[in-house]
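> Structure below; questions to follow.
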Amino acid sequence: MKKLYTHENRMIIFNLKNVLEGEGIDCSVINEYASGGAGDLATFDTWPELWISDEKQFDKAQEIMQKIVFGPAHGYWYCKGCQEKNGDAFELCWKCGRPAD
Ligand SMILES: [Zn+2]
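Residues in the sequence shown are numbered from 2 upward in steps of one, following my numbering.
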């Protein structure tokens, strides 16, 4: 198991997980429920984390993640909330969590 990515918005983590699983990469979400009732304990430690089960798949997973998070050469949209560039595979802005219009 190797940690790939973490974000405060669990929807983004699950979106990424779905894409990776579609590519045949086995992965799991850790801290899935930690941020719910944490109140002011909601620190970085309670953010959901996406872990890759097989470290041999990590490089491929990272490549896919970067394409999604940082935007491929084609297929992206700009967030109306924070102007961040998002890959088409994301339904929510990876940075601020605002949905795509
Ligand atoms: Zn945004």
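Backbone N, C-alpha and C define an ideal beta-carbon position, used for all residues, glycine too.
(1) Considering only heavy atoms of ligand 1, does any lie closer than 7 Å to the CB of G25?
(2) Specify which residues have a beta carbon nearer than 6 Å to any heavy atom of ligand 1, listing them in chain order.
(3) What does the alpha-carbon distance come out to for the pair R11 and R99?
(4) With a 10 Å radius around its C-beta and 16 neighbouring C-beta atoms as the bar for buried, classify C28 as buried or exposed.
(5) Leaving out the 5 sequence neighbours to the left and right, which residues in its chain are closer than 7 Å to L21 when beta-carbon positions are compared?
In terms of the structure at hand:
(1) no
(2) C80, G82, C83, E85, C94, K96, C97, R99
(3) 13 Å
(4) buried
(5) C28, A62, I65
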